[in-house]
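Quick note on the working numbering: the sequence shown kicks off at 24 and runs consecutively.
Note that beta-carbon positions come from the ideal geometry of N, C-alpha and C, so glycine has one too.
Note that the structure is a prediction, hence the values are computed from the model and not measured.
Have a look at the structure below, then the notes.
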Amino acid sequence: MMHILKPDKGVKRILQVMWALLLIFLTPHISENSLAADVSTCQEINQPGYYSLTADLTGSTTCIQIKSGDVIFDGNGHTISGQNTNYGNYGIHVYGSSTLTNVTVRNVKVSGWYAGIAYRNAERGTIAGINASLNDRGIDVESSNHIAVVNNKVVSNTQQGIILKASNNNSVTGNGNGITLWGRSTHNTIKNNTVISSNVGVYLGSYGVYLAAYNDYNTIEDNLITSNHVGIQIAASRHNAIVNNNVSSNTGDGIQITYAYDQSCYCYRLSNSNMISGNTLSHNGNIGLPLELQHHYKQHGELQQPLLHRRHSPRLVQSQHGGWQYGNPQYCGSGDRSWS
24 MMHILKPDKG VKRILQVMWA LLLIFLTPHI SENSLAADVS TCQEINQPGY YSLTADLTGS
84 TTCIQIKSGD VIFDGNGHTI SGQNTNYGNY GIHVYGSSTL TNVTVRNVKV SGWYAGIAYR
144 NAERGTIAGI NASLNDRGID VESSNHIAVV NNKVVSNTQQ GIILKASNNN SVTGNGNGIT
204 LWGRSTHNTI KNNTVISSNV GVYLGSYGVY LAAYNDYNTI EDNLITSNHV GIQIAASRHN
264 AIVNNNVSSN TGDGIQITYA YDQSCYCYRL SNSNMISGNT LSHNGNIGLP LELQHHYKQH
324 GELQQPLLHR RHSPRLVQSQ HGGWQYGNPQ YCGSGDRSWS
């Protein structure tokens with residue numbers, strides 16, 4: 024009688040793996056592009072998916088409105104041009120009725136808008152490879168967290184190049200030009216950016232009706248900041264780390280620590296406990312590292328002579344005064360018109 028040999032379990036397992044691998048290699052590779060929905064006109068995007076821009080676009084109101092999470096929008100190097108820089112007109116606007124997560128916008132040129140790219144109420148997204156120029160604002164991130172703003176070219180915008188407003192735990196890396204944190208933006212990292220020819224290179228500031236500021240616990244690290252008016256300005260913000268930046272050839276101050284004021288505010292918050300360490304300050308036109316308190320009635324602080332070149336050791340900066348009390352006990356305690 025002839026016996027048929029059966030493979031043992033080990034051999035059988037190997038054959039199963041080989042068959043699975045063969046199926047994988049024989050199956051056509053599915054790429055992002057093969058699944059992409061082509062975009063050739065200004066439109067709303069309401070469904071998750073991969074969207075590929077196939078032509079240059081021009082619009083007078085917001086061109087691309089993304090209202091869904093889990094979207095990749097790839098501009099493929101095309102340009103979205105605007106004809107109206109008034110408030111509310113965006114090249115690409117990411118905003119929905121609820122928080123949008125995992126939205127990526129990449130590889131697109133935007134010009135002629137109030138904001139070239141705008142994220143509102145978004146989580147865990149990416150803005151990469153953007154060329155934003157001749158807008159009011161280049162990239163505008165508001166009320167959004169964990170957004171990576173990476174390797175964008177942002178030049179010649181009227182107001183801010185990149186602005187984070189009321190946004191936390193974001194990373195701004197490898198960009199230029201002009202970076203602003205505004206109104207309770209905390210735990211953001213500004214790193215490895217080249218900031219050239221802006222009014223203020225990197226600015227942490229805020230305006231509030233009663234208490235201004237609260238841009239706290241941010242890190243500004245390893246940036247090249249040159250040929251601006253002011254290199255780095257921190258206004259009414261606390262517990263920020265300014266580390267290992269090269270701040271040079273700015274016409275005004277290299278690093279300026281101030282408290283922000285506005286005549287409509289009742290009380291002011293100062294810039295305290297900011298760590299300044301290992302920065303190189305060179306050839307700044309006014310003062311290398313002033314610690315100022317600015318007010319329309321008084322000015323206090325430590326001033327230094329202009330610095331041609333300076334690399335300073337770690338320093339914890341504390342303001343010399345409290346807040347100017349405007350005479351309203353409801354908002355400022357004693358109500359005296361004096362420095363606390």
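Kindly list the residues whose CB is nearer than 6 Å to the CB of residue i, restricted to its own chain and excluding five residues on each side of it in sequence; keep chain order.
i, result
"S370", "A query on residue 370 cannot be resolved here, the shown segment of the chain reaching from 24 to 363 and no further."
"S124", "Ser is not the amino acid found at residue 124; the sequence shown has Thr there. Cβ neighbours of T124 beyond the five flanking positions: G92, E146, R147."
"R129", "D97, A151, G152"
"G139", "G114, V133, A155, N158, G161"
"T149", "T127, A171"
"I95", "Y73, T127"
"H319", "Any reading at H319 must be qualified, since the residue scores a pLDDT of 29, below 50, and its modelled position is unreliable; no value is offered."
"T77", "D61, S63"
Using CA coordinates, which residue listed in the options is at the minimum distance from residue i?
i, options, result
"N268", "N302, G184, D276", "N302"
"S121", "S305, S167, V253, D61", "S167"
"N174", "I255, S300, N154", "N154"
"L299", "G275, T274, D245", "The amino acid at residue 299 is misidentified as Leu; the sequence shows Ile. Checking every option, the nearest Cα to that of I299 belongs to D245."
"A145", "H169, N130, S156", "H169"
"I280", "G254, T84, T274", "G254"
"A258", "G206, A78, G275", "G206"
"N180", "N193, G199, A189, V172", "G199"
"D79", "T64, Q182, N307", "T64"
"A171", "L187, N69, T102, R160", "L187"
"R143", "Y113, K132, V266", "Y113"
"C86", "P71, G135, V195", "G135"
Who are the Cβ neighbours of residue i in its own chain at under 8 Å, not counting the five residues just before and after it?
i, result
"N241", "L204, S208, T209, H210, N211, T212, I213, L227, S260, N263, A264"
"R338", "Residue confidence is low: R338 scores 43 on pLDDT, short of 50, so the model does not pin down where it sits. No coordinate-derived value is stated."
Can you have a look at residue i and say buried or exposed, based on whether 16 or more other CB atoms are within 10 angstroms of its CB?
i, result
"I248", "buried"
"D61", "exposed"
"L58", "exposed"
"N297", "buried"
"Y110", "exposed"
"E165", "buried"
"N69", "exposed"
"S83", "exposed"
"Q183", "buried"
"G100", "exposed"
"Q66", "exposed"
"Q106", "exposed"
| request: Run through the segment 74-120 for me and flag every whole beta strand (DSSP E) of 3 or more residues, listed as ranges in chain order. | output: The beta strand (DSSP E) runs of length 3 or more contained entirely in the segment 74-120 are, from start to end of the chain, 80-82, 87-89, 94-97, 102-107, 113-117.
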